[in-house]
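Please read the structure below before turning to the comments.
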Amino acid sequence: MTHRFDDAVQTAVLAHMNGHHTDDNLLITRAFAPDAAITSATMVGFDGDGGRWSARLASGVEQIVDVPWPGGSITERAAVRREIVALYDESCRRLGVEPRPHA
Numbered sequence: 001m002t003h004r005f006d007d008a009v010q011t012a013v014l015a016h017m018n019g020h021h022t023d024d025n026l027l028i029t030r031a032f033a034p035d036a037a038i039t040s041a042t043m044v045g046f047d048g049d050g051g052r053w054s055a056r057l058a059s060g061v062e063q064i065v066d067v068p069w070p071g072g073s074i075t076e077r078a079a080v081r082r083e084i085v086a087l088y089d090e091s092c093r094r095l096g097v098e099p100r101p102h103a
């Protein structure tokens, strides 16, 4: 059964990703979506199996991009950050982008 994070955790992570990591949202969706012509992306949810983004294509169409966590299923809040960082790193690798250092 997929782990569901409570509303407070969802709200905090989504606010952080959409307020401070808009470029990362774009990078992740471009790396994992079937159509990389994405002009903007917002993280809209996550659970124990992966993250979910809403991506706007250059054509104006919105699409949902579901990306599984690289390390497999998770159940703890601290693991969300670790897995998003891993998605960022994999996105950089796939797109040939130099990743920034992690704090």
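First residue of the sequence shown? That's 1 in the UniProt record's numbering, and the numbers climb one at a time after it. Ideal Cβ positions, reconstructed from N, Cα and C, are used throughout, including at glycine. From a predicted model like this one, the values you see are computed outputs, not experimental measurements.
Looking only at 1, 48, 97 and 2, the smallest Cα-Cα distance to residue 26 is reached by 97. With respect to the 7 Å criterion, residue 91 and residue 38 are not classified as neighbours on the basis of their beta carbons. Here residue 48 carries a coil assignment [DSSP, helix/strand/coil]. Straight across, the Cα-Cα distance linking residue 34 with residue 79 is about 26 Å.
Secondary structure in the stretch 33-92: the beta strand (DSSP E) runs of 3 residues or longer, each lying completely within the stretch, are 38-47, 50-57 and 62-68 in chain order.
Closest by C-alpha distance to residue 66, out of 50, 72, 59 and 81, is 50. Between the alpha carbons of residue 57 and residue 75 lies a distance of about 32 Å.
The shortest C-alpha to C-alpha distance from residue 30 to any of 73, 64 and 69 is the one to 64. Comparing alpha carbon positions, the residue from 95, 93 and 87 closest to residue 21 is 87.
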